[in-house]
Amino acid sequence: MNTSPSIPGLGHARPAAADRPAQERGPLARLLLGAGDRPAWARPALLTLLAATAVLYLWNLAASGDANSFYAAAVLAGTESWKAFFFGSLDAANFITVDKPPASLWVMELSARLFGFSSWSLLAPEALEGVAAVWILHAAVRRRAGDAAALIAGAALALTPVAVLMFRFDNPDALLTLLLVIGAACTLRATERGGLGWLLLAGATIGIGFLTKSLEAFLILPALILVYAWAAPVSLPRRILHLAAAAGALVVASGWWVAIVQIWPASARPYVGGSTNDSELQLALGYNGLSRIVGQGMGGGGGGGNSLFGGAPGLTRLFGGSMGTQISWLLPAALIALVAGLWMTRRSPRTDLTRAALLLLGGWLLVTGVVFSLMSGIIHPYYTVVLGPPIAGLVAIGGVMLWQRRGEWPARAVMAAMVLASMVWSEALLLRDSSWYPAVQYVVAGAGLIALALLLLAPLKRGRLVAVAAVAVMLIAGLAGPAAYALQTATTPHTGSIPVAGPSTASATMGPGGGSPGGAGFPAGERSGGRPGSGTVPGRGEGFPGGAKGFHGRGGAGGEGARAFPAGTGGEGARGGGGGGMAASNAALTSLLKKTSTTWAAAAVGSQSAASLELSTGGKAVMAIGGFSGSDPAPTLAQFERDVAEGRIAYFIAGGQGGGPGGGSSSAAQITSWVESHFAKTTVGGETVYVLTQKTS
128 MNTSPSIPGL
138 GHARPAAADR
148 PAQERGPLAR
158 LLLGAGDRPA
168 WARPALLTLL
178 AATAVLYLWN
188 LAASGDANSF
198 YAAAVLAGTE
208 SWKAFFFGSL
218 DAANFITVDK
228 PPASLWVMEL
238 SARLFGFSSW
248 SLLAPEALEG
258 VAAVWILHAA
268 VRRRAGDAAA
278 LIAGAALALT
288 PVAVLMFRFD
298 NPDALLTLLL
308 VIGAACTLRA
318 TERGGLGWLL
328 LAGATIGIGF
338 LTKSLEAFLI
348 LPALILVYAW
358 AAPVSLPRRI
368 LHLAAAAGAL
378 VVASGWWVAI
388 VQIWPASARP
398 YVGGSTNDSE
408 LQLALGYNGL
418 SRIVGQGMGG
428 GGGGGNSLFG
438 GAPGLTRLFG
448 GSMGTQISWL
458 LPAALIALVA
468 GLWMTRRSPR
478 TDLTRAALLL
488 LGGWLLVTGV
498 VFSLMSGIIH
508 PYYTVVLGPP
518 IAGLVAIGGV
528 MLWQRRGEWP
538 ARAVMAAMVL
548 ASMVWSEALL
558 LRDSSWYPAV
568 QYVVAGAGLI
578 ALALLLLAPL
588 KRGRLVAVAA
598 VAVMLIAGLA
608 GPAAYALQTA
618 TTPHTGSIPV
628 AGPSTASATM
638 GPGGGSPGGA
648 GFPAGERSGG
658 RPGSGTVPGR
668 GEGFPGGAKG
678 FHGRGGAGGE
688 GARAFPAGTG
698 GEGARGGGGG
708 GMAASNAALT
718 SLLKKTSTTW
728 AAAAVGSQSA
738 ASLELSTGGK
748 AVMAIGGFSG
758 SDPAPTLAQF
768 ERDVAEGRIA
778 YFIAGGQGGG
788 PGGGSSSAAQ
798 ITSWVESHFA
808 KTTVGGETVY
818 VLTQKTS
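Here the sequence shown is numbered in our numbering, starting from 128 and rising by one per residue.
Okay, here's the thing in structure tokens:
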């Protein structure tokens, strides 16, 4: 039974499900919001929150065009071929898949099939997934800590800069975040009564998360298992049996598609992009699994190696130059709230639901945060979007618990520590680009100082107006910084493979050897597949500090010590950078490929090059030699020679280099050399094109 006390000035805590008459709860209310007594402001506030979130995530959405052309091309292919839909193929002719499972593509492809392929049909499902994540987090927090805490949690998630970025983008992270929120909410519902049905739903949801972004979805599992095993109000043997059944649901939900791919004849399906042996299991466990944690040597193509844009591994990585402005605004406050909340519930019964929520959110945050901090494989700042829900939930639940005890000095002191930590850290993040709207810094500092004064000096227990003022300035101090970055992110087009939230100059540090004026650089020692796709300076190439590895873009060269690549394989082209790609504005090349009737209009090294060509031609299949980074061993030279001899490929586009630092495979190099030696070449719109129907030797 939930015995959480009322929250003076902020509404009442949510009574447990067992305490509410069943007739008061309709089906939709039982699923998402519950029923029973609620403050008059609660429902209007929720509707306002959801409407504002929808506006924030949907506003001018088409400005980002195809966003990440790699996934956009796969969505386009899935609208033209059900086989491409099922396997997650990059091209409608089903040569190779993207390097992730296809669940997130399925959502976008269904939208594009229903409404036609466009920026809106591509990106609107992502935005709606964000609204749903805010809604479900609100519902879960409300059942533990009341309407006020739920509203704070929902607003904090909605305004997290990296959440605004990902819920307006076509990467898999948007769907993954929603699924993790659903899995957490279902586990908490199951913990209320020891309900097997909710726990099975949680397991199935996390399994679908595996089909979205592989093993990253499983990082939440320790928290889910711990909470149910500890807090469910049933016997230990029954808890173990329920968890075993949920594990079965997870295995079925995550394994059915992988099993089909594994048993499907390799000759009758596309090559598994990102793998070295055409195996979905190797892709999931290697390139998208252990190699992300330990770096190279665990299998998988796509160029393993050191961290990409994530900063050096270490416990401070989430606060660093790459990730800090994306996710860490409220992270110090969340950690304080977690410790304080667990202390306040230390004498509660084992089945206490508030402590269960704290354990779940805290475990989610700590396990995922530590893995992200210490992993030495490929990591990008936008991965941190999955930390948004636990941070928001902890701040809200812990903050409201402390507010309930605001008549006690220890509680007020801890609240003051949360406000001070948020204010100081927000100021530090804002000062990373002191020229960007400096007024925000003054708002944060002013609100924080007023909140501290009220918390430490004012009679909060007796003065209602003072209490309301204290709540208002605390929220401003905590949310003004991320809200400003969120609004900037929502009003800026984002394209490419490595999008970054907030002003680009705050997301990367300029160093020597920078490219075009105003270009964003990256810390020495980091690698880049091109500029982070802020999309603010279309057409510019970007420079890199000395010692960094980068691509030569169209508009600028890599910094001192940079590794050179052919012109056009990096930087930001007409569709935005983040990886190699042909210029989508090459009308002559587009026209040439549109006239083809072969299985593949062309072949090019690297998926980014192929993707931009597919999008510019309206869906003509282009063979992506070597997959994303050009390093996959597909096709072999013999396979490519056979396809050319059978007249299945019309042209070979020179200069493609893939979407990452892999540098191309031996197969790609052999194919390129063979084409250059045996076929006539011409120049089309500035691009070198080999005509595979005109052999010279």
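Beta carbons: idealized from backbone N, C-alpha and C, even for Gly. These numbers come from a predicted model, not from an experiment.
- When rounded, the separation of the alpha-carbon atoms in Ala596 and Ala580 is 11 Å.
- Annotation for Gln615: Gly629 and Pro630 place their beta carbon closer than 7 Å to its own, counting only its chain and skipping 5 residues before and after.
- 8 Å or more divides the Cβ of Leu521 from the Cβ of Leu480.
- By the criterion of a C-beta distance shorter than 7 Å, Ala617 is surrounded in its chain by Leu183, Trp186, Val291 and Arg295, once the five residues flanking it on both sides are discounted.
- The segment 453 to 473 makes no contact with the segment 312 to 332, as fewer than three CB pairs between them are under 8 Å.
- Residues of the same chain with a CB within less than 8 Å of the CB of Ser500, apart from the 5 flanking positions on each side, are Pro440, Gly441, Leu442, Thr443, Arg444 and Leu445 in chain order.
- Per the DSSP secondary-structure output, Tyr398 pairs in a beta bridge with Ile223.
- For secondary structure counted as the alpha helix (DSSP H) over 4 or more consecutive residues, the segment 160 to 199 holds these complete runs in sequence order: 169 to 185.
- Here the C-alpha atom of Thr332 lies approximately 15 Å from the C-alpha atom of Trp233.
- Between Ala737 and Leu217, the CB-CB gap stays under 8 Å.
- Per DSSP, the unbroken beta strand (DSSP E) holding Lys822 starts and ends at Glu814 to Lys822.
- The C-alpha of Phe213 lies about 19 Å from the C-alpha of Ser196.
- Each residue's CA atom was taken as its position, placing Gly526 and Leu249 some 37 Å apart.
- Straight across, the Cα-Cα distance linking Ile279 with Arg320 is about 26 Å.
- Going by beta carbons, Thr726 and Arg775 fall inside the 8 Å limit.
- If the five residues before and after Ala356 are omitted, its C-beta is found closer than 7 Å to the C-beta atoms of Arg366 and Leu370, all from its own chain and listed in chain order.
- As computed with DSSP, Lys721 is found in no beta bridge at all.
- By the neighbour-count criterion, in which 16 or more other beta carbons inside 10 Å mark a residue as buried, Trp168 falls on the exposed side.
- DSSP, reduced to helix, strand and coil, places Val361 outside both helices and strands of the structure shown, so it counts as coil.
- Leaving aside the five residues that flank Arg539 on each side, the residues in its chain whose CB is nearer than 7 Å to its CB run, in chain order, Arg533, Leu582 and Leu583.
- Under the 10 Å beta carbon count, Thr622 is surrounded by 16 or more other beta carbons and is classified as buried.
- If the five residues before and after Thr763 are omitted, its C-beta is found closer than 6 Å to the C-beta atoms of Ser794, all from its own chain and listed in chain order.
- As for any alpha helix (DSSP H) of minimum length 4 sitting wholly inside the segment 451 to 529, the runs are 451 to 454, 458 to 471 and 480 to 501, ordered along the chain.
- Taking a C-beta distance under 8 Å as the contact criterion, Leu408 and Asp226 do not qualify as a contact pair.
- Annotated as proximal: Ser231 and Leu302, with beta-carbon spacing under 8 Å.
- Per DSSP, Ala580 has no beta-bridge partner at all.
- Assigned with DSSP and collapsed to three states, Ala585 falls in coil, not helix or strand.
- With 16 or more other Cβ atoms inside 10 Å of its own Cβ, Glu207 counts as buried.
- At a Cβ-Cβ threshold of 8 Å, Gly515 and Leu284 count as neighbours.
- Counting only residues of its own chain and dropping the five nearest sequence neighbours on each side, Arg477 has a CB closer than 8 Å to the CB of Trp357 and Ala358.
- Taken atom to atom, the span from the alpha-carbon of Val513 to that of Leu487 is near 14 Å.
- Residues Leu445 and Ile518 of the same chain have their beta carbon placed closer than 7 Å to that of Leu458, with the five preceding and five following residues left out of the count.
- In the three-state reduction of the DSSP assignment, Thr403 falls in the coil class, being assigned neither a helical nor a strand state.
- Inclusion of Gly746 and Ala199 in the CB contact set at 8 Å is not warranted, their separation being larger than that value.
- Under the 10 Å beta carbon count, Arg270 is surrounded by 16 or more other beta carbons and is classified as buried.
- Going by DSSP, Phe779 is part of no alpha helix (DSSP H) but of the beta strand (DSSP E) stretching over Ile776 to Ile780.
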